[in-house]
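The structure appears below as structure tokens.
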Amino acid sequence: MEITVGYAEYPTPNITKNSFDYRPLGLGYANLGALLMHQGLPYDSEDGRAWAAALTSIMCGEAYLQSARIAEVKGPFAGYPRNREPMLEVMRMHLDESQKLDSSRVPESLGRWACKVWEQAVEEGEEHGFRNSQATVLAPTGTISFMMDCDTTGVEPDLALVKHKRLVGGGTLRIVNDTVPAALKNLGYNDGQVNEMVAYVDEHSTIEGTPHLDEEHLPVFDCAFRALGGERAVHYMGHLKMVAATQPFISGAISKTINVPETATVDEISEAYMEAWRLGTKAVAVYRDGSKRTQPLATAGSASGQASAASAGATAGAALVADFTDQPVRRKLADERQSLTHKFSIGGHKGYITVGLFEDGTPGEIFITMAKQGSTISGLMDSFACMTSFALQYQVPLKFLVGKLSHARYEPSGWTGNQELPYAKSITDYVFRWLALRFLSIEERTEIGIETEEDLEALEETQAKQAADAADNKIGDVETTPQLKDIGAGDPIAFVPQPDAPLCQSCGSLMVRSGVCYKCMNCGATSGCS
């Protein structure tokens, strides 16, 4: 970590200079709550705090000892000479606090190590100085703890034995505390009992009420939030006392949430701040359950999306849980993906369509570039393509987009030079009919009225084959061929007009679609098809 100081980049010149002059570090740890649970120690207990203090003392003492050894070779940090005595005084204060540790509550070797390391650090520091002005802090580790497969973050207890993490891209991740089985075994339960209790926790999200568990072991599994259907949680004073136990062995401050219940009063929260000051903590962050609408972690998911603390009889930590499963989930494309680019021309206006593909070959994004166009139409097409891309990534079926946005009529429109799409009523009409031809099946295209001559021929062949099969399977002399009535030259022909059909330029009648073009049923004129 010391090496990174010289290679890191800093946001401002002042921060850069300060970092090089004082070389502060931020060594810390995570998973303390899981460690105490594994050892069968309640988080809010004298034994738990003694373990936490001893481990933190060792971490910080070893960091400063190594810093002094590096200073012997590389020299102390630039600001050390004018701060030598104040820093050595701080090191002696750390040593004094290590000698006050209650060694009777931790293994003997751990207690001795927690004191001896500070004696060595002070001795080496007095002789060589220190390479770093600051060595340790306790960060939240909210994300990296998951990458390290930790059950708890920083100095925190577990939020809940079963919790749900809200993902940035949408959806939730159900997280179960994997330390529970090991803790139960260390408390003396056999494999059969452990399996039953773990199954109970998985089903009920709490260990309260589980068979075989002794009442005296319940505090070992207390968490920051009270579970749905449960009654227990770490008291807010337990959080404060843990910060106070570890603060004497941390260079900087401790990032720790002080969870207070939804029912906490103004006076109780005020008292929490006063007690934090009396205990000598450097920082305190109180979180009152129910004070935020949503949160990254919650105790349980609600099937109906309407769960509340009042109806569920739980804390606001559980009440904050929304129905995350009903929220749209964005499907992101890979950083490197296949794409398809198509050049088109509509009435002399040229452009390009680029479609980025998911791994399965379905479209996930589109880009529309109009050549030699003004900023207005280019900007509109960019925005339109962006919105279409988001719709595809949030899993809106392409068929619905094509059905809604094809055949929209506005300028520019005209002949395209594309045999499959000879005429386009607008840019969006062309784009979505082209997408339909490339990525939708014949059945889907027929359903929304996007057919080519090849599609119609294929459908005619399919219908003819089905008719032939039906004729082969006819029973007796039942006539299966429909009788067609001859239509005279002057008889009217019934048809269902389409709302987007154009008027005939020859006689003014409403035209009907014929394949990819339009035909006038009155005079026989077409929109371009022969």
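Residue numbers for the sequence shown follow our numbering, beginning at -17 and rising by one.
Ideal Cβ placement from N, Cα and C applies to all residues, glycine included.
Owing to the predicted nature of the structure, the values given are computational and were not obtained by experimental measurement.
* For F4, the nearest candidate out of H76, V99, A103 and A117 (CA to CA) -> The count along the sequence shown starts at 1 and reaches residue 4 at position 22. Looking at the sequence provided, one finds Tyr at residue 4 rather than Phe. Out of H76, V99, A103 and A117, A117 has the C-alpha closest to the C-alpha of Y4.
* Label K223 either buried or exposed according to how many other C-beta atoms from any shown protein chain fall within 10 Å of its C-beta, with 16 as the threshold for buried. => Against the sequence shown, residue 223 aligns to sequence position 241. With 16 or more other Cβ atoms from the protein chains shown falling within 10 Å of its own Cβ, K223 counts as buried.
* **From M73, V99 and L141, residue whose alpha carbon lies closest to that of G111** => Here residue 111 refers to the residue found at position 129 of the sequence shown. Per the Cα distances, M73.
* Please name the residue, chosen from G170, Q175, M179 and I350, that lies closest to N159 on a Cα-to-Cα basis. => As a first step, residue 159 must be located in the sequence shown, where it is residue number 177. Sorting G170, Q175, M179 and I350 by C-alpha distance to the C-alpha of N159 places M179 at the top.
* Does the Cβ of K274 have 16 or more other Cβ atoms within 10 Å, making it buried, or fewer, making it exposed? -> Locating residue 274 in the sequence shown gives position 292, where the first residue counts as 1. Its Cβ having fewer than 16 others within 10 Å, K274 is exposed.
* **Length of the line joining the Cα atoms of A103 and L374** => As a working note, residue 103 is residue 121 in the sequence shown. As a working note, residue 374 is residue 392 in the sequence shown. Whole-angstrom Cα-Cα distance: 60 Å.
* Under a three-way DSSP split, which group does R495 fall into? -> In the sequence shown, the residue the question calls residue 495 occupies position 513. Three-state DSSP puts R495 in a strand.
* Is the number of C-beta pairs between the segment 386 to 397 and the segment 406 to 423 that are closer than 8 Å three or more? -> Short answer: they touch.
* Who pairs with M352 in a beta bridge, going by DSSP? -> As a working mapping, residue 352 is identified with position 370 in the sequence shown. Looking at the DSSP assignment, M352 forms a beta bridge with G333.
* In whole angstroms, what separates the C-alpha of T38 from that of G(-12)? -> For the purposes of this step, residue 38 is identified with residue 56 of the sequence shown, where counting begins at 1. For the purposes of this step, residue -12 is identified with residue 6 of the sequence shown, where counting begins at 1. Each residue's alpha carbon lies about 26 Å from the other.
* **First and last residue of the uninterrupted beta strand (DSSP E) at H146** => Taking the first residue of the sequence shown as position 1, residue 146 is located at position 164. Where H146 is concerned, the enclosing beta strand (DSSP E) stretches over V144 to R148.
* To do: Could you tell me how far apart the beta carbons of R20 and A165 are, in whole angstroms, since I believe they sit closer than 8 Å?
  => Indexing the sequence shown from 1 puts residue 20 at position 38. Indexing the sequence shown from 1 puts residue 165 at position 183. Here residue 20 turns out to be His, not Arg, going by the sequence shown. Indeed, because the Cβ distance is near 5 Å, the residues count as touching under 8 Å.
* When we look at the beta-carbon of D133 and count the other beta-carbons within 10 Å, is it buried (16 or more) or exposed? -> Locating residue 133 in the sequence shown gives position 151, counting from the first residue. With 16 or more Cβ atoms within 10 Å of its Cβ, D133 is classed as buried.
* Any beta-carbon of chain B closer than 8 Å to the one on T(-2)? -> Among the protein chains of the structure shown there is no chain B, as only one such chain exists.
* To do: Could you please give the first and the last residue of the uninterrupted beta strand (DSSP E) stretch that includes A32?
  => If you number the sequence shown from 1, residue 32 lands on position 50. No beta strand (DSSP E) contains A32, which is instead part of the alpha helix (DSSP H) from E28 to K56.
* Asked: Ordered along the chain, which non-local residues of its own chain (more than five positions away) have a Cβ less than 7 Å from that of G399?
  -> As a first step, residue 399 must be located in the sequence shown, where it is residue number 417. Contacts found: S327.
* **Other residues of its chain near V144: CB distance less than 6 Å, five sequence neighbours each side excluded** => Along the sequence shown, read from residue 1 onward, the residue named residue 144 stands at position 162. Once the five neighbours on either side are set aside, the close Cβ partners of V144 are V158 and S187.
* Check whether the segment 366 to 381 touches the segment 418 to 426, counting contact only when three or more Cβ pairs, one atom from each stretch, lie closer than 8 Å. => yes
* To do: Could you tell me whether the Cβ atoms of E347 and A316 are closer together than 8 Å?
  => Position 365 of the sequence shown, counting from 1, holds the residue named residue 347. Position 334 of the sequence shown, counting from 1, holds the residue named residue 316. It is not a contact, given that the beta carbons lie outside the stated cut-off.
* Just mark N172 as buried or exposed, buried being the case when its beta carbon has 16 or more other beta carbons within 10 Å. => As a working mapping, residue 172 is identified with position 190 in the sequence shown. Result: exposed.
* To do: Output the boundary residues of the alpha helix (DSSP H) element that contains L77.
  => Position 95 of the sequence shown, counting from 1, holds the residue named residue 77. That run of the alpha helix (DSSP H) goes R66 to Q81.
* Asked: L518: which of E244, M493, G30 and A367 sits nearest, CA to CA?
  -> Nothing about residue 518 can be read from this structure; the chain reaches only from -17 to 512.
* With 16 other Cβ atoms within 10 Å as the buried cut-off, status of N(-4) -> Numbered from 1 along the sequence shown, position 14 holds the residue referred to as residue -4. Classification for N(-4): exposed.
* **For W513, the residue or residues it bridges with in DSSP** => Within the shown structure, residues of the chain are numbered from -17 to 512, placing residue 513 beyond reach of any answer.
* When the Cα atoms are used, what is the spatial distance from A254 to G220? -> Mapped onto the sequence shown, residue 254 falls at position 272. Mapped onto the sequence shown, residue 220 falls at position 238. Whole-angstrom Cα-Cα distance: 11 Å.
* Asked: Taking the Cβ atom as the reference point for each residue, do A209 and I240 lie within a distance shorter than 8 Å?
  -> Counting from one through the sequence shown, the residue named residue 209 turns up at place 227. Counting from one through the sequence shown, the residue named residue 240 turns up at place 258. No.
* When you compare only the Cα positions, how much space is there between F372 and M352? -> The residue given as residue 372 occupies position 390 in the sequence shown. The residue given as residue 352 occupies position 370 in the sequence shown. Taking the straight line joining both Cα atoms gives about 20 Å.
* Asked: Counting along the chain, where does the beta strand (DSSP E) carrying T154 start and finish?
  -> As a position in the sequence shown, residue 154 is number 172, starting the count at 1. Residues T154 to V158.
* To do: Mind checking who T118 pairs with in its DSSP beta bridge?
  => Residue 118 sits at position 136 when you count from the first residue of the sequence shown. The partner list for T118 (beta bridge, DSSP) reads L9.
* Own chain, CB closer than 6 Å to H331, minus 5 neighbours either side, in chain order -> By 1-based counting over the sequence shown, the position of residue 331 is 349. Contacts found: P394.
* Own chain residues within Cβ distance below 8 Å of I242, not counting five before or after -> As a first step, residue 242 is located in the sequence shown; it is residue number 260 there, counting from the start. The amino acid at residue 242 is misidentified as Ile; the sequence shows Val. Short of 8 Å from the beta carbon of V242, and not among the five residues preceding or following it, lie these beta carbons of its own chain, in chain order: Y218, E250, I251, A254, V268, Y269, R270 and D271.
* To do: Please check the pair S321 and G343, which I expect to be a contact at CB under 8 Å, by giving their CB distance rounded to whole angstroms.
  => Within the sequence shown, residue 321 is the residue found at index 339, counting from 1. Within the sequence shown, residue 343 is the residue found at index 361, counting from 1. About 11 Å separates the two Cβ atoms, so there is no contact after all.
* What is the rounded straight-line gap between the Cα of K501 and the Cα of L417? -> Position 519 of the sequence shown, counted from the start, is the residue given in the question as residue 501. Position 435 of the sequence shown, counted from the start, is the residue given in the question as residue 417. Computed Cα separation, rounded: 24 Å.
* Asked: Does the segment 117 to 128 come within contact of the segment 82 to 99, defined as at least 3 CB pairs closer than 8 Å?
  -> no
* To do: Give the range of the alpha helix (DSSP H) segment to which K98 is assigned.
  => Against the sequence shown, residue 98 aligns to sequence position 116. Segment E90 to H110, the alpha helix (DSSP H) holding K98.
* Work out the CA separation of E244 and L195 for me, nearest whole Å. => Working through the sequence shown from its first residue, we reach residue 195 at position 213. Working through the sequence shown from its first residue, we reach residue 244 at position 262. Spanning the two alpha carbons is a distance of roughly 29 Å.
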